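Numbered by my numbering, the letters in the sequence shown go through residues 4 to 291 in order.
Where a beta carbon is used, it is the ideal one built from N, C-alpha and C, also for glycine.
Remember, predicted model here, so these are calculated numbers, not experimental data.
As structure tokens, the structure follows; a few thoughts come after it.
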Amino acid sequence: MNETLGTNETQPVADVTIVLESTGDTPGQILSTTKRILNTAHSIGKESVQVIASIHIGSMVADYKRWTAEYDQIQLETPNLTILGVDEGNQWTHAYSYLFPIKTVAYNGSGQRIIVEMDGGGGHLPEEIPGFLFDPKKTSVALSTRFAKGGKNLATPQRKAVSYLGTLATNVLAIPPTFQYPWIWVTDGTSGFESFSAGIIRTLFNIVPIESFICVQKGAPFHLYQTEMRAYLLAILSASKKDGLIEIPITYGKEKKVSNLPPRYVLQSALQFPHIRKNVLAIFETLK
């Protein structure tokens, strides 16, 4: 069951939708982040912006029930905000709450609609959103980078090392099966701040449905979400022979304490790479 609180689901489709991964965030944190997003959008003349705060109910059942009245209240006070509680009945991992709202938005409205996905808990800065609002006639994907000029990664040394290795893995997983396709690679393969056209998301989910993502499989590391999304999007761009990618430098971890990942968790992620490669090859085969 996926539960949309309040009545904001009836709002008109916006040309830009911000999907916040807000699991664990208090109502006050969600409201504060939303206000910063809307203020940033207003400063650049973007008034038609919708914010969806996605919450994985299974990770916070007690808090979710306790805060329901507050969730409803802040939605009434903020017409551009919808709080979406994603309850997959413990069938999938936390990553399902990342993907479900992105799919929901992508299949409604224009294929040129822009969807921005970001951390709602302080890992990403709302003031950096303007860089991700690309021209959908020229670009299909904007990916954040902490490693190119202008980017900063304030995580722990271990998390930085994991991010570098994950970036290498993402680029290797996205290598085309033949030389007829361009090899499109990125400087950061594990960051979660990104934007897409609704059209490219539809293409992705038509080939690799949410349920086929490795990161959503019960027992799998949900952090693989970023690696999967980037590898699959790079494969779509390569198979389509389109130069529709831009990278946006960001600062990560300025407002959030980032802890180390357990070594076992990192190894568990690496063991899933063959399955991701299988989905990458399916994308090339479908779009050839």
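With DSSP run on the structure shown, which of helix, strand or coil describes Lys259? Assigned with DSSP and collapsed to three states, Lys259 falls in coil, not helix or strand.
Which class does Gly125 belong to by DSSP, given the choice of helix, strand or coil? It is coil, neither helix nor strand.
Taking 7 Å as the cut-off, decide whether the C-beta atoms of Ile118 and Ile132 are in contact. When the beta-carbon positions are compared, Ile118 and Ile132 stay at least 7 Å from each other.
On a CA-only basis, which of Val211, Ser262 and Asp246 is nearest Phe287? Give me that one, please. The candidate whose alpha carbon is nearest that of Phe287 is Val211.
Rounded to the nearest angstrom, how far is the Cβ of Ala56 from that of Leu79, given a contact under 8 Å? Your pair Ala56 and Leu79 does not check out as a contact, with CB atoms roughly 14 Å apart and the cut at 8 Å.
Tell me whether the beta-carbon of Ile58 lies closer than 7 Å to the beta-carbon of Thr26. Contact flag set, yes.
Within-7 Å CB hit, Thr96 to chain C: Looking for chain C here will not work: only one protein chain is present.
Roughly how many angstroms separate the alpha carbons of Thr43 and Thr37, rounded to a whole number? A straight-line Cα-Cα distance of about 10 Å links Thr43 and Thr37.
Please name the residue, chosen from Leu236, Arg69, Thr181 and Ala177, that lies closest to Arg280 on a Cα-to-Cα basis. When the alpha-carbon of Arg280 is set against those of Leu236, Arg69, Thr181 and Ala177, the nearest one is in Ala177.
In whole angstroms, what separates the C-alpha of Gln94 from that of Ile249? So the alpha carbons of these two residues sit roughly 35 Å apart.
If I'm right that Lys140 touches Tyr184 with Cβ under 8 Å, what's the distance once you round it to whole angstroms? About 23 Å separates the two Cβ atoms, so there is no contact after all.
Please state if the CB of Ala98 and the CB of Phe292 are separated by a distance shorter than 7 Å. This structure cannot settle anything about residue 292, because the visible part of the chain is limited to 4 through 291.
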